[in-house]
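Colleague: Mind looking over this structure? Questions follow.
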Amino acid sequence: MKLDNYITSSTARVKSDKNVPRANFETVKAIAEKKLHEAQAARSKADLNGVTVEFYGNSKHQKDFWKLNWKEAPDSSHPDARIYSAYGVEGREPTAYYCPETHESVFFNTEYYGQCKSWALGMAAAIMEEKRNTHSIHGACVDVSGKGVIIVAPTGTGKTTQAFKLMELPGGRIVGDDWVYIDHNEGEQLRHLVGRQPEKSLYMRTETQMSKPWLRKIFDKSKCENITTTKESCEFTEGLTGCKLTSGKCVFDEGLHWCLLRRDDKSPPEVHLDADGAIKVLRKGEYMVRPGAGPKEMWGKLASEPWYNPYLLLLDHARQEQFFRRMISKFDVKCILLNTGVDSIDGTHKRIISTLDDT
0 MKLDNYITSS TARVKSDKNV PRANFETVKA IAEKKLHEAQ AARSKADLNG
50 VTVEFYGNSK HQKDFWKLNW KEAPDSSHPD ARIYSAYGVE GREPTAYYCP
100 ETHESVFFNT EYYGQCKSWA LGMAAAIMEE KRNTHSIHGA CVDVSGKGVI
150 IVAPTGTGKT TQAFKLMELP GGRIVGDDWV YIDHNEGEQL RHLVGRQPEK
200 SLYMRTETQM SKPWLRKIFD KSKCENITTT KESCEFTEGL TGCKLTSGKC
250 VFDEGLHWCL LRRDDKSPPE VHLDADGAIK VLRKGEYMVR PGAGPKEMWG
300 KLASEPWYNP YLLLLDHARQ EQFFRRMISK FDVKCILLNT GVDSIDGTHK
350 RIISTLDDT
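Under numbering that gives the first Met the number 0, think of the first position of the sequence shown as 0, with each following residue one higher.
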């Protein structure tokens, strides 16, 4: 069986400008539109929880993933945001541009779908924050017999692992493994918060199958992107079986109750946080850059990702703090900070279950 695996020339996020003035943006958009018109590129509208985002691009790979990823919006719907993705533009380095004034993005010479997906979410998040009092959170969301758990964590701390262990419980169900919306207007009416996510099919890291073998058959039948399938094509092998990145250990992105995960060898395994404590951790967004997850010069060093959300294109710290503080203070959302560096996977899982049982 041959894996449907597309290798893109850019295998990670390309350099970007997320605050392009409208006048300047119109210039780069015109260049993209000219290429797309010549290529007779297709358009596709997606419904991201009521926000219509239109993709206009000439990469079949991106378009295929786009249509698999999102629910389709009606042709008659007016786009709230647009992505123009022009591949094969001469004289342009792989670059991405975002204009906050128009909620539009332009991609030049990159087919990597991961960035396309995250910017679609980022544009929708900006609109939903501004117009619908809806908070977008970068995290996994699980329903356990009607109780919601959101796991927010930097890459490599165990997010996906813990989400799937909760899913395997009786009454467990994955809502999403990467993104969740919280509508605070709805919360005021219902007197509790509801987590939702916009994806029709989840865009997941295939390493997940290493701990969940049942996923292998699903991945084998799915469209894939930039999967290393042979030792010869991996730049990090060391000897017959070693790995330069992890010293022989495979580490992967594992990148209502609310869990924050961290991984170090000093902090206690569990800390219960009030609103002030949670805001301090989230706003700082400190994490260790893991090998393969960022620029090589940053591997093993501390970096900052405010609110642990790299998808936010229009970052409003005051707004983020307001949303998170209301979740904890007004809606009594319990928040625990768990350290997966000093506890086992099962130990961390039991701590989450204990918090669920106490409510």
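Built from N, CA and C at the ideal position, the CB exists for glycine as well.
Measure the C-alpha to C-alpha separation of N4 and Y86 and round it to an integer number of angstroms.
Modeller: Taking the straight line from one Cα to the other gives about 19 angstroms.
Colleague: Going by the CB atoms, is the gap between I181 and H137 shorter than 7 angstroms?
Modeller: Going by C-beta atoms, H137 is not nearer than 7 angstroms to I181.
Colleague: For R261, count neighbouring Cβ atoms within 10 angstroms of its own Cβ and tell me buried if that reaches 16, exposed if not.
Modeller: The residue in question, R261, is buried, as its Cβ has 16 or more Cβ neighbours within 10 Å.
Colleague: Take E103 as the anchor and find which of V52, P153 and P73 has the nearest alpha-carbon.
Modeller: It is V52 whose Cα lies nearest to the Cα of E103.
Colleague: Quick check: the Cα distance between K59 and K1, rounded to an integer number of angstroms?
Modeller: Distance between the alpha carbons of K59 and K1 is about 19 angstroms.
Colleague: Do the CB positions of C115 and Q196 come within less than 7 angstroms of each other?
Modeller: Not closer than 7 angstroms, so no.
Colleague: In or out: R21 buried (at least 16 other Cβ within 10 Å) or exposed?
Modeller: With fewer than 16 Cβ atoms within 10 Å of its Cβ, R21 is classed as exposed.
Colleague: When you compare the stretch 157 to 174 with the stretch 20 to 40, are there three or more beta-carbon pairs, one atom per stretch, that lie closer than 8 angstroms?
Modeller: Not touching, per the Cβ criterion.
Colleague: Under 7 angstroms between the Cβ atoms of N68 and S221?
Modeller: Going by C-beta atoms, N68 is not nearer than 7 angstroms to S221.
Colleague: Buried or exposed: G145, going by 16 or more other Cβ atoms within 10 Å of its Cβ?
Modeller: The residue is exposed, with fewer than 16 neighbouring Cβ atoms inside 10 Å.
Colleague: Is S117 helix, strand or coil by DSSP?
Modeller: Helix, per DSSP.
Colleague: Smallest Cα separation from F330: which of L192, R318 and L337?
Modeller: Of L192, R318 and L337, the residue nearest in Cα terms is L192.
Colleague: Under a three-way DSSP split, which group does N338 fall into?
Modeller: Correct three-state label for N338: strand.
Colleague: Residues in the same chain with beta-carbon distance under 7 angstroms from T10, minus the five sequence neighbours each way, listed in chain order, please.
Modeller: So the list reads Y111 and N225, once near-sequence residues are dropped.
Colleague: Excluding the 5 residues preceding and the 5 following H348 in the sequence, name in chain order all residues of the same chain whose CB lies nearer than 8 angstroms to its CB.
Modeller: Result list for H348: Q161, K164 and L165, in chain order.
Colleague: Between V341 and V270, what straight-line distance do the alpha-carbon atoms span, to the nearest angstrom?
Modeller: Rounded to the nearest angstrom, the two C-alpha atoms are 13 angstroms apart.
Colleague: V13 and A95: beta carbons closer than 7 angstroms?
Modeller: Against a cut-off of 7 angstroms, the Cβ pair of A95 and V13 comes out as a contact.
Colleague: Leaving out the 5 sequence neighbours to the left and right, which residues in its chain are closer than 7 angstroms to V27 when beta-carbon positions are compared?
Modeller: Excluding sequence neighbours, V27 sits near Y96 and V105.
Colleague: Over the uninterrupted beta strand (DSSP E) stretch that includes L47, give me the two end residues.
Modeller: Per DSSP, L47 belongs to the beta strand (DSSP E) from A41 to L47.
Colleague: What is the rounded straight-line gap between the Cα of W298 and the Cα of K283?
Modeller: Taking the straight line from one Cα to the other gives about 19 angstroms.
Colleague: Return the bridge partner residues of T227 from the DSSP annotation.
Modeller: Paired residue(s): none; T227 is not in a bridge.
Colleague: So, are the CB atoms of G186 and C140 less than 7 angstroms apart?
Modeller: Their beta carbons are not under 7 angstroms apart, which means G186 does not touch C140 by this criterion.
Colleague: Could you name the residues of the same chain whose beta carbon sits closer than 6 angstroms to that of S343, not counting the 5 residues immediately before and after it, in chain order?
Modeller: So no residue of the chain qualifies.
Colleague: Near S76, what residues of its chain come up, given a Cβ to Cβ distance below 7 angstroms and the 5 sequence neighbours on each side ignored?
Modeller: The answer, listed in chain order, is K44 and T51.
Colleague: Tell me the DSSP secondary structure of F330 in three-state form.
Modeller: F330 falls in the coil class under three-state DSSP.
Colleague: Using C-beta distances below 6 angstroms, list every residue in its chain close to D142, excluding the 5 sequence neighbours before and after it, in chain order.
Modeller: Contacts found: R172 and V174.
Colleague: Spatial neighbours of D263 within its chain, please: C-beta separation below 7 angstroms, excluding the five flanking residues on both sides.
Modeller: The residues are N338 and G340.
Colleague: Could you tell me which of K279, K295, S328 and K300 sits nearest to V307, measuring between CA atoms?
Modeller: The sequence as given places Tyr at residue 307; Val does not occur at that position. Minimum Cα distance to Y307 is reached at K279.
Colleague: Return yes when the Cβ of E128 is within less than 7 angstroms of the Cβ of R318, no when it is not.
Modeller: Yes, Cβ-Cβ distance for R318 and E128 is below 7 angstroms.
Colleague: Hey, quick one: how far does the beta strand (DSSP E) through D369 stretch, first residue to last?
Modeller: Because the chain in this structure spans residues 0 to 358, residue 369 falls outside the shown range and cannot be described.
Colleague: Which of the three DSSP states is assigned to Y96 in this structure?
Modeller: Correct three-state label for Y96: strand.
Colleague: Does DSSP classify F251 as helix, strand or coil?
Modeller: Residue placement at F251 cannot be trusted, given a pLDDT of 29 that sits under 50; the coordinates are not used to answer.
Colleague: Rounded to whole angstroms, what is the Cα-Cα separation between L120 and L313?
Modeller: Each residue's Cα considered, the two are about 11 angstroms apart.
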